[in-house]
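Student:
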Amino acid sequence: MKGVLGYDSKVDELYGKSQSELYDGKIFHIGLDYNSWMKKVGWFEGPILWTSNWIRDNISLGTEIADVACGNGQIGLGLRNHDYIIDGYDLNPNMLQRFEATNYRDLFEHDMMENPLPRKYECITVIGAFNPSHLPVETLEMVRDSLTDDGKLVCTISDGDFFKGWQNAQQKWLNLDSYDYIPSILIDGEQSHHFMCVFSRKNDNV
Ligand SMILES: C[S@@+](CC[C@H](N)C(=O)[O-])C[C@H]1O[C@@H](n2cnc3c(N)ncnc32)[C@H](O)[C@@H]1O
411 MKGVLGYDSK VDELYGKSQS ELYDGKIFHI GLDYNSWMKK VGWFEGPILW TSNWIRDNIS
471 LGTEIADVAC GNGQIGLGLR NHDYIIDGYD LNPNMLQRFE ATNYRDLFEH DMMENPLPRK
531 YECITVIGAF NPSHLPVETL EMVRDSLTDD GKLVCTISDG DFFKGWQNAQ QKWLNLDSYD
591 YIPSILIDGE QSHHFMCVFS RKNDNV
């Protein structure tokens, strides 16, 4: 498996877990799979709810959406029966095999660090994956190349990462339209936050 730091690099200091520990089955010591754990720590009331609400308020029903780093389909679970056409893309076949959502049109194994998506979308979600050991800021170039001219990227950026070059680096490929800072996961009494960001494609200077 590819990746800047390798597939099995630690995801971050808070989780202290590797990608395979988190995503390949039951999370070591916790005894839950990824989706059950995320339900338990508040991810669905935080970033998933925020993203589902943003999509419902801003994206017309029937629009094709690419959910990149889709995991087990957490965004689809959040959107429930709202009528969007969602394609899921994830690097890890184990996550796709344990898919929980039933409202995706298609699922693809895809490494977003290696290639843009095979087609362009008006809306791309990348929830829970912009951090140095998953998708570093440079991946935004691949995302830009996967958006239609008026396309929108809705994504999380973890707390510290937002200030480590994101605000400047993103300007090469995308415009930051808006952001919100919300509680994301609560682990052992420690509340983490994520930035919920909306970007539009930058078409000049390409
Ligand atoms: C924290 S999970 C997020 C899953 C889901 N979007 C959610 O909100 O719960 C991160 C996901 O990113 C995927 N991922 C990591 N690196 C990737 C890459 N280079 N390309 C595509 N997906 C990747 C992992 O396999 C994992 O499913």
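If you're matching positions, the sequence shown starts at 411 in our numbering and goes up one per residue.
Think of the CB as a built atom: it goes at the ideal place given N, C-alpha and C, for glycine as much as any other residue.
Starting from the N-terminal side, write out each stretch of the alpha helix (DSSP H) that is 4 residues or longer and does not extend beyond the stretch 441-488.
Tutor: Counting whole runs of 4 or more residues, the stretch 441-488 contains the alpha helix (DSSP H) stretches 444-451 and 459-468.
Student: Just confirm the distance between the C-beta atoms of H439 and L471, as a whole number of angstroms; I'd bet it's less than 8 Å.
Tutor: Not really, about 42 Å apart at Cβ, beyond 8 Å.
Student: Answer with buried or exposed for D587, where buried requires no fewer than 16 other C-beta atoms within 10 angstroms of its C-beta.
Tutor: Exposed, because fewer than 16 other Cβ atoms sit within 10 Å of the Cβ of D587.
Student: Looking at ligand 1, does it come within less than 6 Å of L517, judged from the CB to the closest heavy atom?
Tutor: Not under cutoff, so the answer is no.
Student: Pull up the CB-CB distance for V547 and Q580, whole angstroms please, since I reckon it's below 8 Å.
Tutor: Going by Cβ atoms, the distance from V547 to Q580 rounds to 7 Å, so yes, they are a contact pair.
Student: Quick one: residues in its chain with C-beta nearer than 6 Å to the C-beta of D569, no 5 flanking neighbours on either side, listed in chain order?
Tutor: Same-chain partners within the cutoff: H603.
Student: Give a yes or no on whether the C-beta atoms belonging to Y514 and I485 are separated by under 7 Å.
Tutor: Cβ atoms of Y514 and I485: not closer than 7 Å.
Student: Could you check which residue in L442, V564, L545 and Q429 has the C-alpha nearest to that of L584?
Tutor: Among L442, V564, L545 and Q429, the Cα nearest to that of L584 is on V564.
Student: Which same chain residues, not among the five before or five after W460, have their C-beta less than 8 Å away from its C-beta?
Tutor: D590, I592 and M606, listed in sequence order.
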